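Notes to accompany the following structure.
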Amino acid sequence: MDPQHMWKLFHKDATLWKNEKFIKFPYVDLFLYRADEDHVWPLTIWMKMITMKRKNSLPPKKGIFEGWPISIPHRPADALRELYPGRIMADCYSQIFHRRARERVPHKQRIYIPCSMLRGIYPLVVRRLDGGGVVEERRLGSKLLSTFNTTYNGFLE
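Counting from 440, one number per residue, gives the positions in the sequence shown under our numbering.
This is the structure in structure tokens:
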């Protein structure tokens, strides 16, 4: 596969994805990028219109997603605000693609609500400064589920 397409990473023992002979589910999408001194952009053909400021993207920082260590943009809040202007930092959005069913969610079925409405229903991350770093606490309402210490402070600047 060439760099114009995304790559999928999946476990060898996972089940085949709907109508597929090779790709298995669940999977992680991998996207290849290029950069110059000012911007970063994906090579994936259907994402070519997305560009990010290099200072917000590189070098990547360490973060946690659903309990897994991942690389995140250098200044994650600034990168999100740049890509998704508006209330992206305060609202929670429904998915736009059902991966298992392999179909897009119709626009009229997509919703967004203030994340505060989900505080006691779904685990959310709360961040606080602690010395030179940030502590991320994953909470379900007032119950602490997990913590993660990091050095990035892009969400709290």
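Glycine is no exception: its CB is placed at the ideal position from the N, C-alpha and C atoms. Since the structure is predicted, the reported quantities are computational estimates derived from the model, not experimental observations.
Distance, residue j Cα to residue i Cα
i    : j    : result
P512 : P545 : 29 Å
E521 : P515 : 10 Å
K457 : Q548 : 22 Å
D530 : Y551 : 6 Å
T589 : I509 : 12 Å
K494 : L519 : 13 Å
L557 : L563 : 8 Å
P524 : G580 : 27 Å
L469 : E575 : 25 Å
Unbroken beta strand (DSSP E) run spanning residue i, endpoints
i    : result
L568 : 563–569
R577 : 572–579
N455 : In the sequence as presented, Asn is not what sits at residue 455; that position holds Leu. Looking at the DSSP string, the run of the beta strand (DSSP E) that includes L455 is 446–455.
L583 : 582–589
For residue i, the residue or residues it bridges with in DSSP
i    : result
V479 : A474, M491
Y466 : F449
W507 : F504
Host alpha helix (DSSP H) of residue i (start-end)
i    : result
P545 : Looking at the DSSP string, P545 is not in any alpha helix (DSSP H), and its letter there is neither H nor E.
Three CB pairs or more closer than 8 Å across the region 444–457 and the region 533–542
yes
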